[in-house]
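Residue numbers (the numbering used here): 609 to 740. Even glycine gets a Cβ: it sits at the ideal position worked out from N, Cα and C. Here the structure is a predicted model, which is why all the values come from computation and not from measurement. Report on the structure given below.
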């Protein structure tokens, strides 16, 4: 078993082959990942586009329903009063949503952790672990 015999490669040749094979494997994996991401991106782009379309048509339907509400109330009251009633209801809804959103944001601000304090606590825990 001579190390330089023509039937058996040397260690240097084996290392070179291993390096080439690993490089080819990594490149192949990267190419596969790129292809998967591209396919997933196309599918997600289509899904997002369809959701935007659904949102647009939902908004248009809401506008038609609001016009129907004005027309329905206008059968009993003058049209301008009907429009004011619907507009007032929408403004009331907007105000309630704004207040709930403001409270939600204020609650979220209170929860934010202080990273410096947590880092100091972690350092103290590590110091205590070394002294124990």
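Top-ranked residue by Cα proximity to residue i, from the options
i, options, result
"residue 674", "691, 641, 632", "691"
Residue i versus residue j: straight-line alpha-carbon distance, rounded
i, j, result
"residue 609", "residue 629", "Reliability of the predicted coordinates at residue 609 is poor, the pLDDT of 46 falling under 50, and no value is obtained from them."
"residue 676", "residue 707", "28 Å"
"residue 660", "residue 680", "30 Å"
"residue 633", "residue 734", "41 Å"
"residue 623", "residue 658", "52 Å"
"residue 615", "residue 631", "25 Å"
"residue 640", "residue 717", "42 Å"
"residue 626", "residue 619", "10 Å"
"residue 649", "residue 662", "20 Å"
"residue 653", "residue 645", "12 Å"
Query raised in the report: Between the stretch 695 to 704 and the stretch 680 to 687, do three or more beta carbon pairs fall short of 8 Å?
Result: no
**Report entry** beta strand (DSSP E) runs contained entirely in the stretch 647 to 716, provided each spans 3 or more residues
**Finding:** none
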